[in-house]
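S.K.: Terminal number for the sequence shown in numbering that gives the first Met the number 0: 118, no gaps in between.
Provided herewith is a single structure, encoded as structure tokens, for subsequent inquiry.
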Amino acid sequence: MQYHNDSRSAAPADLMESAAAPSRGSMTTARISELERKTTQSGKANAGRWLLEFERQEALRPDPLTGWNGSGDTNTQVRLKFPTKEAAIAYCEKHGLEHHIVPATPVRLKLQAYADNFR
């Protein structure tokens, strides 16, 4: 069986050169933040836990068929939880990830007596 070389077909070497290779200069950046307690929780049992999320590397683009936004970057779906901030930083350093720490918002308690509702 013979194959004819069409001008529209590309040789495998041409395809390999045109394939987008990840650049070595772009490193994955991780965001480390303290987990906030839910508003329905009054206790402090899970306080002090830290979350590592990856920053988006590709822009979202609409899918032509459904119109939903998406990208080829699946790292944003990964969420790792750590018991301490130091453990999260050690994980980033071990795996060669750039990271930045997002400080937690301070919790303000509004102390109010029930009698204040009737003043």
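Backbone N, C-alpha and C fix where the C-beta goes; we use that ideal spot for every residue, glycine too.
Note that the coordinates shown come from a computational prediction; the quantities given were computed from them, not determined experimentally.
Helix, strand or coil, according to DSSP, for Lys43 in the structure here?
M.R.: It is coil, neither helix nor strand.
S.K.: Closest to Thr73 by C-alpha separation, out of Gly66, Leu34 and Gln56, would be which residue?
M.R.: With distances taken between Cα atoms, Thr73 lies closest to Gln56.
S.K.: Look at Arg36 and Glu52 and say whether their C-beta atoms are less than 7 Å apart.
M.R.: For Arg36 and Glu52, no; Cβs fall outside 7 Å.
S.K.: Can you look up Thr65 in the DSSP assignment and give me helix, strand or coil?
M.R.: Thr65: coil per DSSP, three-state reduction.
S.K.: Per DSSP, Thr28 forms a beta bridge with which residues?
M.R.: Its beta-bridge partners are Glu97.
S.K.: Is the separation between the beta-carbon of Trp49 and that of Lys84 shorter than 7 Å?
M.R.: Yes.
S.K.: Roughly how many angstroms lie between the CA atoms of Cys91 and Asp62, to the nearest whole one?
M.R.: In a straight line, the C-alpha of Cys91 is about 33 Å away from that of Asp62.
S.K.: Can you tell me where the beta strand (DSSP E) holding Arg78 begins and where it ends?
M.R.: Segment Arg78 to Phe81, the beta strand (DSSP E) holding Arg78.
S.K.: Considering only residues of the same chain and omitting the five flanking positions on each side of Arg23, which have a CB-CB separation below 8 Å?
M.R.: Caution is warranted here: a pLDDT of 37 is assigned to Arg23, below 50, making its placement in the model unreliable, and the coordinate value is therefore given only provisionally. Hits under 8 Å: none found.
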